[in-house]
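Novice:
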Amino acid sequence: MPASTTPARRGATISGWGTALPPHVVTNADFEARLDTTDEWITERTGIRERRHGSSTAALAIEAGRAALDMAGLTGDDIDLVLLATTSPDYQIPSTASQVQDELGIRGGACDINAACSGFVYGLVQAHGLIAMGLNRVLLIGAETLSRLTDQEDRNTAILFGDGAGAVVLEATDDAGQLLAFDLGSDGSARKLLDAPIGGYMQMNGKEVFRRAVTVMVQSANTSLASAGISADDLALVVPHQANIRIIEAACSRLNVDADRVATVLATTGNTSSASIPLALVDALDSGRVKKGDHVLLVGFGAGMSWASAVIRWTGHLPEVAS
Ligand code: COA
1 MPASTTPARR
11 GATISGWGTA
21 LPPHVVTNAD
31 FEARLDTTDE
41 WITERTGIRE
51 RRHGSSTAAL
61 AIEAGRAALD
71 MAGLTGDDID
81 LVLLATTSPD
91 YQIPSTASQV
101 QDELGIRGGA
111 CDINAACSGF
121 VYGLVQAHGL
131 IAMGLNRVLL
141 IGAETLSRLT
151 DQEDRNTAIL
161 FGDGAGAVVL
171 EATDDAGQLL
181 AFDLGSDGSA
191 RKLLDAPIGG
201 YMQMNGKEVF
211 RRAVTVMVQS
221 ANTSLASAGI
231 SADDLALVVP
241 HQANIRIIEA
251 ACSRLNVDAD
261 RVATVLATTG
271 NTSSASIPLA
281 LVDALDSGRV
291 KKGDHVLLVG
301 FGAGMSWASA
311 VIRWTGHLPE
321 VAS
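Under UniProt numbering, the first residue of the sequence shown carries the number 1, and numbering increases by one thereafter.
(1) Just tell me which of L285, L35, T87, T96 has its CA closest to the CA of F301.
(2) Rounded to whole angstroms, what's the CA-CA distance from P23 to A165? Just pull it up for me.
(3) Run through DSSP, which three-state label would A263 get?
(4) Expressed to the nearest angstrom, what Euclidean distance is found between the alpha-carbon atoms of T145 and S56?
(5) Looking at V299: is its Cβ nearer than 8 Å to the Cβ of S220?
(6) By how many angstroms is the C-alpha of G185 removed from the C-alpha of I113?
(7) Looking only at C-alpha atoms, which of T96, Q242, F161, I131 sits nearest to L179?
(8) What residue range is occupied by the uninterrupted beta strand (DSSP E) comprising F161?
(9) Looking only at its chain, what residues have a beta carbon closer than 6 Å to the beta carbon of T19, apart from the 5 residues adjacent to it on each side?
(10) Under the three-state reduction of DSSP, which class applies to D195: helix, strand or coil?
(11) Helix or strand or just coil, what does DSSP make of S273?
(12) Between V216 and W307, how many whole angstroms is the CB-CB distance? I'm expecting something under 8 Å.
(13) Using CA atoms only, rank isn't needed, just tell me which of E153, A58, L170, A275 is closest to R10.
(14) Given A68, which residues of its chain have a CB within under 7 Å of its CB, disregarding the five upstream and five downstream residues?
(15) Which runs of the beta strand (DSSP E) at least 3 residues long sit entirely within the stretch 93 to 129? Give them in chain order.
(16) Between the C-alpha atoms of A33 and I79, what's the straight-line distance to the nearest angstrom?
(17) Do the stretch 193 to 203 and the stretch 228 to 243 make contact, defined as three or more Cβ pairs closer than 8 Å?
(18) Of the residues I230, I14, F120, which one's Cα is nearest the Cα of S273?
(19) Does the beta carbon of R45 fall short of 7 Å from some heavy atom of the ligand COA?
(20) Is it right to say D163 is buried, meaning 16 or more other beta carbons lie within 10 angstroms of its own, or is it exposed?
(21) Do R313 and G293 have their C-beta atoms closer together than 8 Å?
(22) Cβ-heavy atom distance between C117 and the ligand COA below 7 Å?
(23) With C-beta atoms as the reference, is G109 less than 8 Å away from L149?
(24) Please identify the residue among H295, P94, T269 whose C-alpha is closest to the C-alpha of I230.
(25) Quick check: does the Cβ of L60 come within less than 7 Å of any heavy atom belonging to the ligand COA?
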């Protein structure tokens, strides 16, 4: 059975969100000062101007998660499950989610999800599935400290990755909820294109990852759009994984989605893997770029090689700016 479907069960809606970024800003000029690279090369080839380094995955997840709970008017005691998408956990054992569960006082269960940069969308789909099965509220977080997994002397990778977190609260609704369709996939035969051994640094075939990223984002997006019964013209916003502005532009141009319907934050965050889609989504929500009833496409790809996309129709909370 394909890993895509159109859910038609007890639904869920996003009722709160939050983000966290460590305070230490690393600019392209900082790399230019110590590596064989230039601000111009990094900006032109990636669209990244700065990224944040520091903190821990748990600390960022807790800060973002607490903000999302506050916005939803909830405490940890109201939450049945915390799902933490991360590819840079603080410990091998236990899950980073266990610390988040403890420090936020979450009553229910806790586990990490590792689907690399697709992790948040994998988590979004899993949260909806568990709510369909009876949970009432799930805290979903994407959090990373990729600076720890990146050799800061390697110009091929150091310039790309950053640290951060984004979180949403999902609550059960009486109707079908927000999620219209999704597509989850993986091509494990390509896993060597981007990996990091335990205790070691990330290595990557950037050119090949780039090529595959554009292809799978477009394919997955089209699969989810078809399952949802809408076309790219119906989308108010695309929230893509934030890896490289040229990947985003190439994929969105193939989908016929112009730049003013695309959420981007990577100029100031770099690639934050599981955190990148929630960081971009929250930025768009806080800027009033989403209105009630809007169709929003989330689409990610990453190590594995994994991919994930979801189409939602916004029925959730809206900030003051958009009302
Ligand atoms: N500064 C200057 N030159 C750099 C550089 C840097 N920071 N990093 C790489 N280069 C060099 C390469 O060594 C290469 O030199 P060579 O021709 O002498 O071998 C040259 O720039 C061109 O490399 P190329 O691979 O053609 O560049 P590119 O246009 O593909 O851009 C990436 C490189 C990594 C930015 C791009 O391939 C990319 O973004 N790939 C996807 C990475 C990604 O998103 N990974 C995470 C997936 S979730």
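C-beta atoms are modelled at their ideal positions from N, C-alpha and C, and glycine is treated no differently. All of these numbers come straight from a predicted model, not from anything done at the bench.
Specialist: Reading it off the structure:
(1) T87
(2) 13 Å
(3) coil
(4) 6 Å
(5) yes
(6) 15 Å
(7) I131
(8) First-last for F161: undefined, no H or E at that position.
(9) A64, G166, L279, V282
(10) strand
(11) helix
(12) 4 Å
(13) L170
(14) G16, W17, G18, L139, A167, V168, V169
(15) 109 to 113
(16) 46 Å
(17) no
(18) F120
(19) yes
(20) buried
(21) yes
(22) yes
(23) no
(24) H295
(25) no
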